[in-house]
Ligand SMILES: [Zn+2]
Ligand SMILES: [Zn+2]
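In the working numbering, the protein residues as written are 22 to 385.
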């Protein structure tokens, strides 16, 4: 039997361990993917610090790989394109089609996420930080066109798909809109990219450190606000108003997860404007914010997390044909499987925008 290596989470704050696993025969109806590139997501770093994260676990939920074996039942991807071993794919568990959220056209509540499943039970290989990943029966598969790089394919499922979902829900970007993005991490960069694709005239990114803001400017941000220069909520709001003629932005996108971000965003939104809230995943409990701003400024607020299949499909298509800026530069750090812990450190120091693992080395 073949074996392969994977980086394994073995407990909170302990270094990930490189371990050997058997590559078991794939499940009937399943597929075996040889990994090419997996992102170290903020969610992984967060999970790494939590005692509640089940161990052992192979992280890696933003992945691009090559079909090594595929069950005969799986003839095509979700777009009806013929699939063969050797094809590059992005993948997830298929929606169940039977739960309430499936019934109302929302993302399935029963879907298991690769990269968030225990590795001590067969088939073990359930995350992108391994050389192979075993997909369960009838996986959701999308072929990556040959002219799309691994970097672009991966970025289509980092922030960009969620932003597509959020922007769709809030009614689109209006042509020449002024947009403020709160946060300059990977989600903020997805917001910048999707706002520009949607037709924004100006995108202002507020965040830190300067290296991330410089990257944002190189990818189309018209102005940036360094929170080191504007360290208080009041200073940031004042700066945002100054940059928007005293009125505020047509659309504000919260992608920072900051404690005071929600109130700041309401203050940065113009009369009749819209506010898309993505970064507030951590449950801080009730925070103080002034709801009178919603009423008096007639603000439309929309929350969102993750994305559905149609957003992933469009996100990849946009990366292929519509994004003419060098978004590949967002992938700033690349690591071999054995060096995954260095990648976590680079992420924590905010040195990396997106750090990736290449479980099988640099693709030939
Ligand atoms: Zn993630
Ligand atoms: Zn479902």
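Note that CB positions come from ideal geometry on N, CA and C, so glycine has one too.
Note that this is a predicted model, so its numbers are computed, not measured.
In the structure shown, the three-state DSSP call for residue 354 is strand. Short of 6 Å from the beta carbon of residue 182, and not among the five residues preceding or following it, lie these beta carbons of its own chain, in chain order: 328, 332, 333, 336. CA-CA distance, residue 376 to residue 152, rounds to 17 Å.
In the three-state reduction of the DSSP assignment, residue 47 falls in the coil class, being assigned neither a helical nor a strand state. The segment 72-81 makes contact with the segment 120-139; the number of CB pairs closer than 8 Å reaches 3 or more. Those residues that have a beta carbon less than 5 Å away from any non-hydrogen atom of ligand 1 are, in order along the chain, 62, 64. Taken atom to atom, the span from the alpha-carbon of residue 216 to that of residue 340 is near 14 Å. Inter-residue distance for residue 330 and residue 311 is about 35 Å (C-alpha atoms, whole angstroms). The beta carbon of residue 115 sits closer than 7 Å to the beta carbons of 159, 160, 161 from its chain, once the five residues preceding and following it are set aside; these are given in chain order.
Just measuring C-alpha positions, the residue of 121, 373, 149 sitting nearest residue 358 is 149. Taking the Cα positions, residue 68 is about 13 Å away from residue 29. DSSP, reduced to helix, strand and coil, places residue 302 outside both helices and strands of the structure shown, so it counts as coil. If you compare the alpha carbons of 218, 210, 222 with that of residue 235, the shortest gap goes to 210. For ligand 2, a non-hydrogen atom lies closer than 6 Å to the CB of residue 116. Rounded to the nearest angstrom, the Cβ distance from residue 200 to residue 272 is 5 Å, consistent with a contact under 8 Å. Bounds of the alpha helix (DSSP H) holding residue 283 are 282-289. Beta-bridge annotation (DSSP): residue 84 is paired with 59. Less than 7 Å separates the beta-carbon of residue 110 from that of residue 164. Relative to the non-hydrogen atoms of ligand 2, the Cβ of residue 131 comes within a distance shorter than 6 Å of at least one. DSSP lists 87 as the beta-bridge partner residues of residue 109. If you draw a straight line from the Cα of residue 172 to the Cα of residue 238, it comes to about 19 Å.
Proximity of the beta carbon of residue 25 to ligand 2 is not indicated: no heavy atom of the ligand is located closer than 6 Å.
Beta-bridge partners assigned by DSSP to residue 227: 203, 246. Just so you know, the alpha carbons of residue 288 and residue 256 end up roughly 12 Å apart. In summary, residue 107 is exposed, with fewer than 16 beta-carbon neighbours lying within 10 Å of its beta-carbon over all protein chains present. In the displayed model, residue 175 falls within a helix according to three-state DSSP.
In the DSSP assignment, residue 78 is bridged to 30, 139. In the DSSP assignment, residue 156 falls within the beta strand (DSSP E) that extends over 153-156. Counting of Cβ neighbours within 10 angstroms places residue 296 among the buried residues, the total reaching 16 or more. Counted as a single uninterrupted DSSP element, the stretch harbouring residue 127 is not any alpha helix (DSSP H), since DSSP gives it neither H nor E.
Residue environment analysis places residue 356 among the buried positions, since at least 16 neighbouring C-beta atoms fall within 10 angstroms of its C-beta. Secondary structure at residue 372: coil, using DSSP grouped into helix, strand and coil.
The continuous stretches of alpha helix (DSSP H) do not include residue 162, which lies in the beta strand (DSSP E) extending over residues 161-164.
Taking the Cα positions, residue 49 is about 43 Å away from residue 204.
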